[in-house]
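Going by full-length UniProt numbering, the first residue of the sequence shown is number 1, and it counts up by one from there.
Below: the structure, in structure tokens.
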Amino acid sequence: MAVTRTFSIIKPDATRRNLTGAVTKMLEDAGLRVVASKRIQMSREQAEGFYGVHRERPFFNDLVTFMTSGPVVVQVLEGEDAVKRNRDIMGATNPENAEAGTIRKELAESIEANSVHGSDSDENARIEIDFFFQPEEIVG
Ligand code: RTP
Ligand code: MG
């Protein structure tokens with residue numbers, strides 16, 4: 001299995017509860033390495049751009065409001081089969097449906113305030129990494 005990269009966000013519900021380290025520990029324990037990380041306050045424009053694919057979904061406005069409600073930590077993660085590995089440790093979108101031991105089951109508050117984002121394909125990982133990071137900010 002090839003070493004690849006994925007993009008992760010520690011969402012405002014997690015930063016508010018001081019869980020940046022707890023989330024990162026679970027990612028690292030799952031075999032992922034943080035090769036870039038920064039804490040930012042997303043602007044409304046940034047959040048709307050990032051979640052552009054969800055523009056027509058009923059939860060879009062609430063999602064943008066939530067994602068701009070406090071700081072987030074954007075990260076590039078590296079590891080074997082990073083996209084799938086990260087999706088596995090994140091758990092299902094709705095924490096009620098997530099498996100025990102996943103980040104969302106253990107830490108998330110709700111289907112919206114679900115503590116983490118992770119890219120869903122290698123192609124989207126590249127797009128999302130480029131959205132937030134300059135190449136020199138990533139140190140593998
Ligand atoms: P993500 O993109 O954040 O990694 O999560 P995901 O693939 O599991 O979920 P997705 O369907 O892409 O939805 C993106 C984010 O929107 C919020 N959401 N709210 N209120 C709702 O019904 C609802 N559904 C989704 C969540 O924050 C979800 O992670
Ligand atoms: Mg998604």
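Beta carbons are placed, not taken as given, at the ideal position from N, Cα and C, and that holds for glycine.
**Message:** Taking the beta carbon of HIS117 as the centre, do at least 16 other beta carbons fall within 10 Å, making it buried, or is it exposed?
**Reply:** Taking the sequence shown and counting its residues from 1, one reaches residue 117 at position 117. Buried, since its Cβ has 16 or more Cβ neighbours within 10 Å.
**CB contact check: SER43 to chain C, cutoff 8 Å** = Of the protein chains in this structure there is only one, and it is not chain C.
**Item:** 8 Å contact criterion, which ALA82 and LEU19 should meet: CB distance rounded
**Value:** Taking the first residue of the sequence shown as position 1, residue 82 is located at position 82. Taking the first residue of the sequence shown as position 1, residue 19 is located at position 19. So it is not a contact: roughly 21 Å between Cβ atoms.
**Asked** Hey, is ASP62 close to the ligand MG, as in C-beta under 7 Å from one of its heavy atoms?
**Response** Counted from its first residue, the sequence shown places residue 62 at position 62. False, no ligand heavy atom lies under 7 Å from that Cβ.
**Request:** Determine contact between the stretch 4-22 and the stretch 74-88, defined as no fewer than three beta-carbon pairs at a distance below 8 Å.
**Result:** yes
**Message:** Need the endpoints of the alpha helix (DSSP H) that VAL64 sits in, please.
**Reply:** One-based indexing of the sequence shown puts residue 64 at position 64. 60-67 is the span of the alpha helix (DSSP H), which, as asked, contains VAL64.
**Asked** Any heavy atom of the ligand RTP closer than 7 Å to the Cβ of GLU112?
**Response** For the purposes of this step, residue 112 is identified with residue 112 of the sequence shown, where counting begins at 1. Checking the Cβ of GLU112 against the ligand RTP gives yes.
**Asked** Nearest CA to the CA of ILE111: which residue from GLU136, LYS105 and PRO95?
**Response** Reading the sequence shown from its first residue, position 111 is the one you call residue 111. Cα-wise, what sits closest to ILE111 is PRO95.
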